[in-house]
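> I have a structure here, written as structure tokens, and I will follow up with some questions on it.
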């Protein structure tokens, strides 16, 4: 198994890790209710996906 001869510098380590960052998901506006939702998922507010009802949402009574 490979073993380094010299210690890797902090700069070199950070340069390698520049691509390992978290990316925020792309959001879209729901055409039915107007709330934001993640692309290619069911709208959490109204339960529609691509203009069709995917999940029947029940009203919460308090």
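Numbering (this note's numbering), first residue to last: -5 to 56. Glycine is no exception: its CB is placed at the ideal position from the N, C-alpha and C atoms. Here the structure is a predicted model, which means the values were calculated and not measured.
Apart from the five residues just before and just after residue 29, which ones in its own chain have a Cβ nearer than 7 Å to its Cβ?
Reading the chain shown from its first residue, position 35 is the one you call residue 29. Hits under 7 Å: 37 and 39.
> At 3 residues or longer, what runs of the beta strand (DSSP E) sit wholly inside the stretch 8 to 32?
21 to 23 and 30 to 32
> Sort 9, 14, 35 and 12 by Cα distance to residue 21 and report the nearest one.
Taking the first residue of the chain shown as 1, we reach residue 21 at position 27. Nearest C-alpha to residue 21: 35.
> Of the residues 16, 33, 15 and 41, which one's Cα is nearest the Cα of residue 26?
The residue labelled residue 26 in the question sits at position 32 within the chain shown. The residue with the shortest Cα to Cα distance from residue 26 is 41.
> For residue 46 and residue -5, what's the separation of their Cα atoms in angstroms?
Looking up residue 46 in the chain shown gives position 52. Looking up residue -5 in the chain shown gives position 1. Approximately 55 Å between the Cα atoms of the pair.
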